[in-house]
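Below is one structure, written out as structure tokens; the observations come after it.
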């Protein structure tokens, strides 16, 4: 696959993830409004879901693309995955209780991860001198990162007072 | 000589200090002798004075509600404020001035699990009513805000105590009577009785006159045995007003437009700058749009009266849909009484106008999709008298027995809703009982549930044009229960 379709695939995947969570969030918000319950909780859940889904996608794609195609395509793929969710993140923050600084820091952290993971993939590929082994090792590392994000999810978007 | 000069200097310094440091005196006493019931509103009577002219800011903190008032103090003058507050066991009252040290008073309000019987008798005899907790009251213990009457469940007042009430206390008492509050007046002068006659709500059954304490107890017991329709409970608001989906629809459209644009951009441009620029620009545009969207508040008024009654009691809900994260400041509708937050857990700051004795603005935190509501309650004069005769041929003979006409409305009878034509005073009409429709409307269904057990009532839409600062989306209804034919 040449670069343009690969970028397009990453961007489309990012859009699909963002759209799926937006639909789920708006649906649950509508139900909350109809039943007179607190809609802010749905927004906080949507923010967490956006974070976990993007971390998972980044962990799988970032190292793999970095190992197989190099640093620049890896970064592009990572950014293509996380950037399409920004409008949904802003709306969910407006409806939720999370602090703006926490949300902004998390997005910066995601940007840093999208830059770091292709570098890890590239490093593994050069270290192991075997692309397939680098991909497998990268996937294991990515899975560990996802598990870490899941376990520490409570610390990512703290509700504001 | 030098010693005397020293002393004179010290005295002058002390005087300067005293002039520069005005002192604020603050006293606060709760209504009902410090008693209320869980979840019920009450009132705090505050006295403020200072030894020099100064402007003080008064804060009354009760639960998640803060009432703030600015008061101009003058030497030798005591400013008195009666601030309505939400249910709280501890109330903090503080006064601060730029030139004087702040003053703070803590008040404890006892919450009774048993119903409360307020007894204002000069002779001070204890009154025992089964299941009730008695609270002995002086005239000054009675509140000036009608909303504070929700603290008690029944009230006995003798003539001297009634006579000692000031104008605002009497006004609040009459509003409470019109709202079906159980009140027994003991040995009241016949002239006063005539003035109060008809002021009681629920067909006059709520305001009773007794010749002796034993009669008063008996009357209260009989009144407690008969049910009076309680004020519309808050959850029923959803029966009148559907949730506001305007903001939700707008957000849905905005997101759909963004995803469409981003998909097109991803199809036609695959460069990294475009991939970042589209979501970044969309994020900025959405943030700007949220600030541009004007939320549309909604007002719903529900009022009830008995046919021929002089007063109708009402509950009103003013809902503010949130659009952006931040603090919102909204005006409190001046013609509606007893403004408060519908949700007691919602933190809210009220600006209290000390001269008019009412809240003027409410401030609260809001965010997208959050719907904060202000609740109002009170009564207004009404003149709707309607008589119905059921004829053997299945027709209803409806007459306007009042002194003024009424507009077109709906008649709820026999489990069906009929069109009620506009009728002038003394006019009548015939309504076939079988020509009615079933209740499909939420409002009609609620009206039927609120009507008397025999289910005969008339419903009119209220003309709210006269209410100042009214939101565009406003609706109101008046339900008049009709005695059985």
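Chains as they are written, first to last, in my numbering: chain A, 3 to 163; chain B, 366 to 850. In this text, a Cβ means the ideal position worked out from N, Cα and C, and glycines have one as well.
Just to check, is the beta-carbon of residue i closer than 7 Å to a non-hydrogen atom of the ligand ATP?
i	result
residue 148 of chain A	With respect to the ligand ATP, the structure shown offers nothing to examine, as it has no ligands at all.
At least one CB of chain B closer than 8 Å to the CB of residue i: is that the case?
i	result
residue 10 of chain A	yes
residue 121 of chain A	no
residue 79 of chain A	no
residue 58 of chain A	no
residue 92 of chain A	yes
residue 36 of chain A	yes
residue 32 of chain A	yes
residue 118 of chain A	no
residue 21 of chain A	yes
residue 26 of chain A	no
residue 75 of chain A	no
residue 88 of chain A	yes
Residue i CB to nearest chain A CB: under 8 Å?
i	result
residue 613 of chain B	yes
residue 443 of chain B	no
residue 838 of chain B	no
residue 726 of chain B	no
residue 426 of chain B	no
residue 811 of chain B	no
residue 624 of chain B	yes
residue 499 of chain B	no
residue 640 of chain B	yes
residue 656 of chain B	no
residue 648 of chain B	yes
residue 661 of chain B	no
residue 734 of chain B	yes
How big is the Cα-Cα spacing for residue i and residue j?
i	j	result
residue 44 of chain A	residue 56 of chain A	18 Å
residue 613 of chain B	residue 801 of chain B	37 Å
residue 521 of chain B	residue 32 of chain A	49 Å
residue 515 of chain B	residue 482 of chain B	12 Å
residue 218 of chain A	residue 616 of chain B	Outside the displayed span of chain A (3 to 163) sits residue 218 of chain A, for which this structure offers no information.
residue 524 of chain B	residue 567 of chain B	23 Å
residue 82 of chain A	residue 693 of chain B	37 Å
residue 670 of chain B	residue 823 of chain B	10 Å
residue 434 of chain B	residue 770 of chain B	43 Å
residue 447 of chain B	residue 577 of chain B	32 Å
residue 803 of chain B	residue 677 of chain B	27 Å
residue 148 of chain A	residue 119 of chain A	12 Å
residue 86 of chain A	residue 395 of chain B	57 Å
residue 63 of chain A	residue 79 of chain A	7 Å
residue 24 of chain A	residue 140 of chain A	30 Å
residue 703 of chain B	residue 512 of chain B	6 Å
residue 624 of chain B	residue 21 of chain A	7 Å
residue 761 of chain B	residue 488 of chain B	53 Å
residue 407 of chain B	residue 540 of chain B	15 Å
residue 552 of chain B	residue 565 of chain B	17 Å
residue 726 of chain B	residue 705 of chain B	11 Å
Buried or exposed for residue i, please, with buried defined as at least 16 other CB atoms from any protein chain shown within 10 angstroms of its CB.
i	result
residue 68 of chain A	buried
residue 763 of chain B	buried
residue 146 of chain A	exposed
residue 691 of chain B	exposed
residue 152 of chain A	exposed
residue 792 of chain B	exposed
residue 49 of chain A	buried
residue 772 of chain B	exposed
residue 37 of chain A	exposed
residue 132 of chain A	exposed
residue 597 of chain B	For residue 597 of chain B, the predicted model reports a pLDDT of 43, less than 50, meaning its position is unreliable and no value from the coordinates is stated.
residue 493 of chain B	exposed
residue 471 of chain B	exposed
residue 345 of chain B	Not covered by the structure: residue 345 of chain B. The range shown for chain B is 366 to 850.
residue 659 of chain B	exposed
residue 841 of chain B	buried
residue 379 of chain B	In this prediction, residue 379 of chain B scores a pLDDT of 49, lower than 50, which makes its location untrustworthy; the coordinate-derived value is nonetheless stated afterwards. Exposed, since its Cβ has fewer than 16 Cβ neighbours within 10 Å.
residue 608 of chain B	buried
residue 543 of chain B	buried
(message) Would you call the region 772-789 of chain B in contact with the region 708-723 of chain B, where contact means no fewer than 3 C-beta pairs closer than 8 Å?
(response) no
(request) Evaluate contact between the region 419-434 of chain B and the region 533-540 of chain B, counting only Cβ atoms and requiring at least three cross-stretch pairs below 8 Å. (result) no
(request) Please specify which runs of the beta strand (DSSP E), each continuous and at least 3 residues long, are wholly inside the region 725-808 of chain B, giving them in chain order. (result) 736-746, 751-755, 760-765, 774-778, 781-785 and 793-797
(request) Say whether the region 496-509 of chain B touches the region 464-471 of chain B, bearing in mind that this needs 3 or more beta-carbon pairs closer than 8 Å, one atom from each stretch. (result) no
(request) Tell me, please, whether the region 82-98 of chain A touches the region 644-655 of chain B by the rule of three or more beta-carbon pairs shorter than 8 Å. (result) yes
(message) Quick check for students: name the residue ranges of the beta strand (DSSP E) that lie wholly in the region 628-687 of chain B, counting only runs of 3 or more.
(response) 663-671 and 676-686
(message) Tell me whether the region 392-405 of chain B and the region 430-442 of chain B touch, counting them as touching only if at least three CB pairs, one residue from each stretch, are closer than 8 Å.
(response) no
(message) Quick check: the region 538-550 of chain B against the region 570-577 of chain B, are at least 3 beta-carbon pairs closer than 8 Å?
(response) yes
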